[in-house]
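Q: First to last, the sequence lines map onto chains A and B. According to my numbering, the stretch in the first sequence is residues 605 to 989, in order. According to my numbering, the stretch in the second sequence is residues 605 to 989, in order. Built from N, CA and C at the ideal position, the CB exists for glycine as well.
Number of protein chains: 2
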Amino acid sequence: MGSQFLDAQEDMLLLIPGPTPVPGRVLRAGSRPMMNHRCPAFHELLQSCTSSLKDCFATSSEPLTLTASGTGGLEAAIVNTLSPGDRVLAVVTGAFGQRFAEIAETYGALVDRIEVTWGQAADPAVVEAKLAGGGYKALLCTLNETSTGVVNPVQAMAAAAKAAGALVLVDAISGLLATPCETDAWGLDVVVAGSQKAFMIPPGLTFVTMSEAAWEASKTAKMPRFYFDLPIARKTLAKGENPWTPAVSLLYGLRESLDMIAEEGLPNVFARHLRLRNGVRAGAAVLGFEALASDDVASPAVTSFLPPGGIEGDAFRKVLRGHYGLELAGGQGPLKGKIVRFGHLGYVHEAEVLKGISLMAAALAELGQAVDPAAAVAAARKAMA
Amino acid sequence: MGSQFLDAQEDMLLLIPGPTPVPGRVLRAGSRPMMNHRCPAFHELLQSCTSSLKDCFATSSEPLTLTASGTGGLEAAIVNTLSPGDRVLAVVTGAFGQRFAEIAETYGALVDRIEVTWGQAADPAVVEAKLAGGGYKALLCTLNETSTGVVNPVQAMAAAAKAAGALVLVDAISGLLATPCETDAWGLDVVVAGSQKAFMIPPGLTFVTMSEAAWEASKTAKMPRFYFDLPIARKTLAKGENPWTPAVSLLYGLRESLDMIAEEGLPNVFARHLRLRNGVRAGAAVLGFEALASDDVASPAVTSFLPPGGIEGDAFRKVLRGHYGLELAGGQGPLKGKIVRFGHLGYVHEAEVLKGISLMAAALAELGQAVDPAAAVAAARKAMA
Numbered sequence: 605m606g607s608q609f610l611d612a613q614e615d616m617l618l619l620i621p622g623p624t625p626v627p628g629r630v631l632r633a634g635s636r637p638m639m640n641h642r643c644p645a646f647h648e649l650l651q652s653c654t655s656s657l658k659d660c661f662a663t664s665s666e667p668l669t670l671t672a673s674g675t676g677g678l679e680a681a682i683v684n685t686l687s688p689g690d691r692v693l694a695v696v697t698g699a700f701g702q703r704f705a706e707i708a709e710t711y712g713a714l715v716d717r718i719e720v721t722w723g724q725a726a727d728p729a730v731v732e733a734k735l736a737g738g739g740y741k742a743l744l745c746t747l748n749e750t751s752t753g754v755v756n757p758v759q760a761m762a763a764a765a766k767a768a769g770a771l772v773l774v775d776a777i778s779g780l781l782a783t784p785c786e787t788d789a790w791g792l793d794v795v796v797a798g799s800q801k802a803f804m805i806p807p808g809l810t811f812v813t814m815s816e817a818a819w820e821a822s823k824t825a826k827m828p829r830f831y832f833d834l835p836i837a838r839k840t841l842a843k844g845e846n847p848w849t850p851a852v853s854l855l856y857g858l859r860e861s862l863d864m865i866a867e868e869g870l871p872n873v874f875a876r877h878l879r880l881r882n883g884v885r886a887g888a889a890v891l892g893f894e895a896l897a898s899d900d901v902a903s904p905a906v907t908s909f910l911p912p913g914g915i916e917g918d919a920f921r922k923v924l925r926g927h928y929g930l931e932l933a934g935g936q937g938p939l940k941g942k943i944v945r946f947g948h949l950g951y952v953h954e955a956e957v958l959k960g961i962s963l964m965a966a967a968l969a970e971l972g973q974a975v976d977p978a979a980a981v982a983a984a985r986k987a988m989a
Numbered sequence: 605m606g607s608q609f610l611d612a613q614e615d616m617l618l619l620i621p622g623p624t625p626v627p628g629r630v631l632r633a634g635s636r637p638m639m640n641h642r643c644p645a646f647h648e649l650l651q652s653c654t655s656s657l658k659d660c661f662a663t664s665s666e667p668l669t670l671t672a673s674g675t676g677g678l679e680a681a682i683v684n685t686l687s688p689g690d691r692v693l694a695v696v697t698g699a700f701g702q703r704f705a706e707i708a709e710t711y712g713a714l715v716d717r718i719e720v721t722w723g724q725a726a727d728p729a730v731v732e733a734k735l736a737g738g739g740y741k742a743l744l745c746t747l748n749e750t751s752t753g754v755v756n757p758v759q760a761m762a763a764a765a766k767a768a769g770a771l772v773l774v775d776a777i778s779g780l781l782a783t784p785c786e787t788d789a790w791g792l793d794v795v796v797a798g799s800q801k802a803f804m805i806p807p808g809l810t811f812v813t814m815s816e817a818a819w820e821a822s823k824t825a826k827m828p829r830f831y832f833d834l835p836i837a838r839k840t841l842a843k844g845e846n847p848w849t850p851a852v853s854l855l856y857g858l859r860e861s862l863d864m865i866a867e868e869g870l871p872n873v874f875a876r877h878l879r880l881r882n883g884v885r886a887g888a889a890v891l892g893f894e895a896l897a898s899d900d901v902a903s904p905a906v907t908s909f910l911p912p913g914g915i916e917g918d919a920f921r922k923v924l925r926g927h928y929g930l931e932l933a934g935g936q937g938p939l940k941g942k943i944v945r946f947g948h949l950g951y952v953h954e955a956e957v958l959k960g961i962s963l964m965a966a967a968l969a970e971l972g973q974a975v976d977p978a979a980a981v982a983a984a985r986k987a988m989a
């Protein structure tokens, strides 16, 4: 067959909210030869990664590393803490909030939803009032809604849930490391992250933290679980192993990316994501793009835009990909085809933002729009200064 | 942190039944930069892999590629075809047969077991007689029982199940490509394989085929499923996508390994595995190792041995690993600590078998056993000629 069709992808500038660009160091680490996943060196690998992950989640509990997409991590969060018939409150701010709620429903939870207009953040007061109705076993919420580019007020929602006696289950898949998430300090019971986001490694690993209250809930949770059984994962982690054969090459990459994150320092990682967000928004605004999210809730990980001049998002992306080698993401759900999503999380720096803005300007010009590329770049640079 | 503790692993001769050694071509392919998993080039990647996988499974249906360990594939097989309360018959010939049965039980199936002595193969006549009792919705069986090194008579068991009106669910995780598995011709309804076995890529992908009868069963199957929902996976595969973000780097590796398999030719792949099995058994016999499985059911993928002179398997492995850089696998369940398992599947050739036999001879001599390394190597070479 050959894989020549992949060659052109190697030169593509990839600015989507996952998979994010993987640093050369991490790609090379991931190409180490295989090892036995039941031997002392693997125990050291998994335990050292777990130790570093605690810093990333700001928790003293040991995050569990599962071989799955982030959606698998969300399923693990649900099935390890809940029973069929449990009432849960889901805060839905976009496609991924919907998904979290659907998983809970699939396994038999009774789900009430707070539906927030796509592009807006959840209002903690609304959440608090709804929780006060009582009887909720858990609150499901999203740290960074990838489909819209909005950061939700997880700390405030968690405080409301705690006061109402509900567990707090957080989808932090695209948010963790791009925006602060203080697992222990905020009282988050389950937090789920994914490898292909700000962790800068390929997709295939998901990380899940469990608070003591979540572990307690797991003892009586009756939804069926096997592959995603976290008490078994915790027990084998104590031996430095996973219950099932783990994605060894991705763990090699993880060890390297966790080193890079420690070298940069978490405060600098957060600051960089904010800078890039500001640069993308400023540059795109000059080009006439309309941001879906307002400044006060804008995501440091990804920004959604409507292109100027009535250009459809997917038509714009096709020109960007085909003529300029820039891959942006498209819309989901009601935004499908309409918007573009510019990912600025993970291994992305100022130069990638300026490249992205410049190529967007070029594509707009090709499509007949009047643009001032120099002004757009200057605005982006200023916002990132 | 650094990852210096991994460096010594790079020189380790890895002869375990998974993860198996990954060819350089595949490692390099897996280190390509990331791409969007929702773009035309990815569609081509997934569809071309799916087309090649059909040959590997000997099926005209399209195998589904899931991001998970093989155990996740087993869970997918169960939850997509069965409902709580369904009666199933599980043929248990070792640790992995046990696991398959446990997954079905976890999700509410009523499981009857045929327990076979570890190291022996299932007897189709016993299976047929038990199935004749009637009322079984499915038969669960294992093509290659990795914990013992035994190939089961799947074709005959499947025929018995078909006659009894039961679906045939096959764990072929470590068996596929190492030993024939004719999905369509044998009437297998669900067949599960794993990436880190004879497919020669790192762990993290599992492949699942579904017959028309299995798809029909999926329409009424009531076990809850979300991450492993195969009808959703089938629907998105028609667009060249996975429902959730797939392990992109492993798919790069898969494309390359499927090319290598096609270049070698499936008949040659099967013949090589048989040759290596014969070499391992002949060489180890000269050294005094006692094979757990008899010749007629011996696996082309992995061979289990009791070391000579009453040496415990794990003590022997520790010397092999620490002094000779050879990693063999240990025992599971009742065989834990006692046996060694020599993997000879995937990217393994005659030279690795001769290295393995030579290093086992050296370790035995160190442990005070009288050995004739030259005779052992000569026997292995003759058996592989």
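Rounded to whole angstroms, what is the Cα-Cα separation between B/ALA763 and B/ASP775?
A: 16 Å
Q: Quick one: using the 10 Å Cβ neighbour count with 16 as the cut-off for buried, is B/GLY689 buried or exposed?
A: Exposed, by the Cβ-count rule.
Q: Could you give the first and the last residue of the continuous alpha helix (DSSP H) run that contains B/PHE700?
A: 699–710
Q: Tell me the DSSP secondary structure of B/CYS745 in three-state form.
A: strand
Q: Taking B/ASP716 as part of the beta strand (DSSP E), name the residues at either end of that continuous run.
A: 714–719
Q: Taking only three categories from DSSP, how would you classify B/VAL975?
A: coil
Q: When the Cα atoms are used, what is the spatial distance from A/GLU954 to A/GLN613?
A: 22 Å
Q: With three or more C-beta pairs closer than 8 Å as the rule, is the stretch 693–705 of chain B touching the stretch 773–792 of chain B?
A: Put simply, the stretch 773–792 of chain B touches the stretch 693–705 of chain B. At least three CB pairs are less than 8 Å apart.
Q: Considering only residues of the same chain and omitting the five flanking positions on each side of B/GLU894, which have a CB-CB separation below 7 Å?
A: PHE909, LEU910
Q: Give the single residue among A/TYR711, A/THR746, A/GLY739 whose Cα lies nearest to the Cα of A/GLN724.
A: A/THR746
Q: Could one say the Cβ of A/ILE707 lies closer than 8 Å to chain B's Cβ atoms, at least one of them?
A: yes
Q: Would you say B/GLU719 reaches chain A, if we count a Cβ-Cβ gap shorter than 8 Å as a contact?
A: no
Q: Assign A/LYS827 to one of three DSSP states: helix, strand, or coil.
A: The sequence given here places Met at residue 827 of chain A; Lys does not occur at that position. In the structure shown, A/MET827 sits in coil (DSSP, three-state: anything other than H, G, I, E or B).
Q: Going by C-alpha distance, which of B/THR675, B/VAL696, B/ALA694, B/GLU709 is nearest B/SER687?
A: B/GLU709
Q: For A/ARG921, which residues in the same chain have their Cβ closer than 7 Å to its Cβ, ignoring the five residues on either side in sequence?
A: LEU932, GLY934, VAL944
Q: Take every Cβ of the stretch 886–903 of chain A, pair it with every Cβ of the stretch 967–983 of chain A, and state whether three or more of those distances are shorter than 8 Å.
A: yes
Q: Taking A/GLY857 as the reference, which of A/ASP615, A/ILE620, A/VAL630, A/ASP611 has the closest Cα?
A: A/VAL630
Q: By DSSP, does B/SER908 sit in helix, in strand, or in coil?
A: strand
Q: Excluding the 5 residues preceding and the 5 following A/SER639 in the sequence, name in chain order all residues of the same chain whose CB lies nearer than 7 Å to its CB.
A: In the sequence as displayed, the identity of residue 639 of chain A is Met instead of Ser. Hits under 7 Å: ALA645, PHE646, VAL852.
Q: When the cut-off is 8 Å and only beta carbons count, does A/SER908 lie next to chain B?
A: Closer than 8 Å: no.
Q: Quick one: grab the DSSP three-state call for B/PHE661.
A: helix
Q: Assign A/LYS986 to buried or exposed, taking buried as 16 or more other Cβ atoms, counted over all protein chains shown, within 10 Å of its Cβ.
A: exposed
Q: For the structure I just gave you, are there three or more beta carbon pairs, one from the stretch 669–682 of chain B and one from the stretch 783–803 of chain B, closer than 8 Å?
A: yes
Q: Which partner residues of B/ALA733 appear in the DSSP bridge assignment?
A: The partner list for B/ALA733 (beta bridge, DSSP) is empty, contrary to what the question assumes.
Q: Identify the residues that DSSP records as bridge partners of B/MET814: which are they?
A: Paired residue(s): B/VAL794.
Q: According to the Cβ coordinates, are A/VAL812 and A/LEU834 closer than 8 Å?
A: Contact: yes.
Q: Between the alpha carbons of A/ALA817 and A/GLY753, how many angstroms are there, rounded?
A: 30 Å
Q: Below 8 Å CB to CB, which residues in the same chain sit around A/ILE718 once its five sequence neighbours on both sides are set aside?
A: LEU693, ALA694, VAL695, VAL696, ALA726, VAL730, VAL731, LYS734
Q: Quick one: which unbroken beta strand (DSSP E) runs of 3-plus residues sit fully inside the stretch 927–955 of chain A? Chain order, please.
A: 930–934, 944–947
Q: Is the CB of A/PRO728 under 8 Å away from at least one CB in chain B?
A: no
Q: Closest to A/HIS948 by CA distance: which of A/GLY926, A/LEU841, A/LYS823, A/LYS801 is it?
A: A/LYS801
Q: Let's see if you can read the secondary structure: which residues bound the alpha helix (DSSP H) around A/ALA888?
A: According to the DSSP assignment, A/ALA888 belongs to the alpha helix (DSSP H) that extends over 870–890.
Q: Using a beta-carbon distance cut-off of less than 9 Å, what residues from the stretch 802–829 of chain B approach chain A?
A: ILE805, PRO806, PRO807, GLY808, LEU809, MET827, PRO828, ARG829
Q: Hey, could you find the ends of the beta strand (DSSP E) A/LEU780 is sitting in?
A: Taken as a continuous stretch (DSSP letters only), A/LEU780 belongs to no beta strand (DSSP E), as it is neither H nor E.
Q: Is it the case that the Cβ atoms of B/GLY808 and A/LEU862 are separated by a distance below 8 Å?
A: no
Q: Pull up the DSSP beta-bridge partners for A/ARG642, would you.
A: Under DSSP, no beta-bridge partner is assigned to A/ARG642.
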